[in-house]
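Residue numbers (my numbering): 26 to 149.
Structure follows, in structure tokens:
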């Protein structure tokens, strides 16, 4: 019985990820080719700068179904202090692009992944 429940739980998790994350990508349409605002290195401002605002828009369109509207977590982990967990924005960008654990990769363009990573590294 436990094995059966694990299988059902796994299937449900995959469906939630596929529907939640996949829907956001489809709604985005051609936005993968849209360049994010130019940013320097890992210096994305919090929520006040233009780069931070663009990253927030990308997050809202692609990540909230798993990580929550306020980054509080849900199906995916809490991201409110993700910048304290990783040493660089490049580490976060790699996770965004390639995926990890239950998170699928390739949900956003490389440009959007960089903007997100630069913004997320400031969350400490």
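Idealized CB from N, CA, C, for every residue including glycine.
From a predicted model like this one, the values you see are computed outputs, not experimental measurements.
Boundaries of the alpha helix (DSSP H) in which residue i is found, first to last residue
i, result
"residue 120", "114-123"
"residue 104", "Segment: none, residue 104 is in no alpha helix (DSSP H) and carries neither H nor E."
"residue 109", "Neither: residue 109 is in no alpha helix (DSSP H) and is coded neither H nor E."
"residue 90", "89-92"
"residue 145", "135-145"
Cβ shell of residue i (< 7 Å), same chain only, five flanking positions each side left out
i, result
"residue 145", "104, 107, 108 and 117"
"residue 138", "118, 121 and 122"
Rounded C-alpha distance that separates residue i from residue j
i, j, result
"residue 136", "residue 114", "13 Å"
"residue 123", "residue 131", "6 Å"
"residue 89", "residue 129", "14 Å"
"residue 142", "residue 121", "8 Å"
"residue 148", "residue 86", "19 Å"
"residue 97", "residue 91", "10 Å"
"residue 101", "residue 111", "17 Å"
"residue 99", "residue 134", "23 Å"
Three-state class that DSSP yields for residue i in the structure shown
i, result
"residue 62", "Residue placement at residue 62 is poorly supported in this model, since its pLDDT is 39, which falls under 50; the coordinates are not used for a value here."
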